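Numbering (my numbering), first residue to last: 53 to 414.
Built from N, CA and C at the ideal position, the CB exists for glycine as well.
All values reported here derive from a predicted model rather than from experimental measurement.
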Amino acid sequence: RRLVERLQVAGGASSIFRLDNRTLVWSTPLDLAELEPLLAGLRAVMRSPFEVAGRRLGVALTFGVAPADMNEAAANAVHAASMAKRSGKPWRLYSTEEGETAARQFSLLGELDDALRDGHITVVYQPKLNLATDRIDAVEALVRWNHPVRGMLPPDSFIPLIEEAGRIDDLTIAVLAQALEDMRIWCERGLVVGVAVNISAGLLASESFANRALALISRTGAPTHRLTFEVTESAQFEDTDTAVAMLERFRESGIRISMDDYGTGQSTLNYLKLLPVSELKIDRMFVQHAHIDHGDAMLVRSTVQLAHEMGLKVVAEGIEEAECLAFLRSIACDYAQGYFIGRPLDMQALADRVAEQSVLAA
């Protein structure tokens with residue numbers, strides 16, 4: 053109600069409708085030239101926190117705009133807002149082309165259950181090189197959708213949609229199940245490979261997901277000390293206290309916690325203090341040119357030093373050149389990941405590569 057009051061005063065909207073807990077919609081007679089400064093003003097107004105029941109609450113708005121004379125105008129505006137949020141823009145105008153893209157995406161969403169059941173959701177593994185031993189003993193699990201009609205789909209074409217639809221838990225459980233099964237097979241072959249699985253920040257507020265994940269791990273008997281959950285540092289936790297408690301629960305079960313995309317978020321040092329992490333993963337934007345850019349080199353070197361003083365391991369991603377790898381060795385980074393180390397491989401190809409290095413070492 054407080055939010056609506058501000059929108060009515062600052063935005064001149066007489067009637068505002070709530071479509072769901074996070075979506076409000078209204079119509080305006082303004083044209084686009086007048087609308088853009090209005091939306092900028094509304095975002096500025098929302099910077100002042102709300103006082104509700106003695107608590108100060110912050111609100112951030114992302115806008116979608118669609119012509120009111122089109123069919124399903126409200127749904128089109130909601131889709132435009134969703135696209136704006138994904139791209140980090142304050143607002144976006146709906147286009148027919150985007151509508152066609154949305155239709156294809158929603159079609160994918162309807163096919164998700166069949167894809168999970170029929171094995172079209174697959175997992176590949178990108179190697180991580182242990183710089184102390186010069187061996188690959190860890191990987192990151194990456195999801196792929198091998199669509200029977202559209203071919204191999206990149207993750208960014210379906211993961212955001214699945215997250216917005218509230219189905220990311222099912223997808224993550226499927227990836228985790230496959231990773232655990234592949235770990236079991238590797239162990240039977242005598243191969244020691246740690247596996248990292250990406251966990252959406254939103255799942256850290258889901259008791260149901262935690263119960264499903266831990267039950268699955270328990271059933272498979274997988275060595276939890278070789279399992280890592282990667283949580284994106286730039287993500288915004290809906291409830292930080294709940295997220296910390298959930299991560300503590302995972303860590304108590306023996307699972308390692310890694311902070312992914314380190315350096316891209318807004319509360320890096322605070323998260324380091326709060327979250328029970330055992331590993332930092334430095335984002336590729338700082339790593340890939342660190343061997344030639346003095347500023348990047350200084351940031352990467354200082355991050356490695358800070359992490360080691362806190363008892364944390366460091367993974368650097370985005371290595372595409374030998375000189376970059378040499379720089380990481382020189383500053384005692386723990387792991388390196390990137391196309392220079394190896395592209396994502398299926399389970400068998402990864403096992404063959406790990407086995408091959410054992411033969412060479414012998």
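Enumerate in chain order the residues of its own chain whose CB-to-CB distance from residue i is below 8 Å, with the five nearest sequence positions on each side excluded.
i, result
"Asp72", "none"
"Phe6", "For residue 6 there is no data in the structure shown, the boundaries of the chain being 53 and 414."
"Leu29", "Shown here, the chain extends from 53 to 414; a query on residue 29 therefore has no answer."
"Met204", "Arg196, Trp197, Asn198"
"Glu233", "Thr272"
"Ser305", "Leu266, Ile269, Thr276"
Short check: CB of residue i to CB of residue j, under 8 Å?
i, j, result
"Leu268", "Ile225", "yes"
"Phe379", "Ala342", "yes"
"Glu192", "Lys180", "yes"
"Leu223", "Ile214", "yes"
"Ala92", "Thr114", "no"
"Gly390", "Glu361", "no"
"Thr75", "Ala65", "no"
"Leu321", "Ala265", "no"
"Met235", "Arg278", "yes"
"Asn250", "Asp345", "no"
"Val366", "Ala374", "no"
"Leu351", "Phe338", "yes"
"Val296", "Leu332", "no"
"Ile334", "Thr355", "yes"
"Met399", "Tyr146", "no"
Return the chain-ordered list of same chain residues with a C-beta closer than 6 Å to the C-beta of residue i, the five sequence neighbours on each side being excluded.
i, result
"Arg395", "none"
"Trp143", "Leu91, Phe115, Ala136"
"Gly110", "Pro101"
"Thr280", "Ala248, Arg308, Ser310"
"Ala349", "Ala342"
"Cys376", "His343"
"Thr284", "Asp312, Asp313"
"Val56", "Ile68"
"Ala413", "Low confidence applies here, because Ala413 scores a pLDDT of 48, under 50, leaving its location unreliable; read the following figure in that light. Hits under 6 Å: none found."
For a test of the three-state rule: what should DSSP assign to residue i, helix, strand or coil?
i, result
"Arg308", "strand"
"Pro200", "coil"
"Leu364", "coil"
"Lys333", "strand"
"Val406", "helix"
"Ala349", "helix"
"Tyr314", "strand"
"Ala126", "helix"
"Arg99", "coil"
"Asp293", "helix"
"Thr185", "coil"
"Ala112", "coil"
"Ala342", "coil"
"Leu164", "helix"
"Ala193", "strand"
"Ala132", "helix"
Check for me: the beta strand (DSSP E) holding residue i runs from which residue to which?
i, result
"Phe115", "115 to 117"
"Leu71", "69 to 72"
"Leu82", "Premise fails: Leu82 is in no beta strand (DSSP E) and is neither H nor E."
"Asn182", "173 to 182"
"Asn250", "246 to 251"
"Ala55", "Looking at the sequence itself, residue 55 is Leu, so the reference to Ala does not match. From DSSP, Leu55 is part of no beta strand (DSSP E) but of the alpha helix (DSSP H) over 54 to 63."
"Leu327", "It is not in any beta strand (DSSP E) - Leu327 carries neither H nor E in the DSSP assignment."
"Arg107", "107 to 109"
"Arg144", "143 to 145"
"Leu279", "279 to 284"
Does chain E have any CB closer than 8 Å to the CB of residue i?
i, result
"Val97", "The structure shown contains no chain E; it is built from a single protein chain."
From which residue to which residue does the alpha helix (DSSP H) around residue i run?
i, result
"Glu240", "220 to 240"
"Asn263", "259 to 272"
"Ile214", "211 to 216"
"Phe392", "Neither: Phe392 is in no alpha helix (DSSP H) and is coded neither H nor E."
"Glu375", "374 to 382"
To which residues of the same chain is residue i closer than 7 Å at the C-beta, ignoring the five residues directly before and after it?
i, result
"Glu300", "Pro328"
"Asp189", "Asn182, Val244, Val245, Gly246"
"Met122", "Asn128"
"Pro212", "Arg138"
"Gly119", "The sequence given here has Pro at residue 119, not Gly. Taken in chain order, the residues that qualify are Ala125."
The ligand MN heavy atoms versus the CB of residue i: any closer than 7 Å?
i, result
"Gln409", "Annotation note on the ligand MN: not contained in the displayed structure, which lists no ligands."
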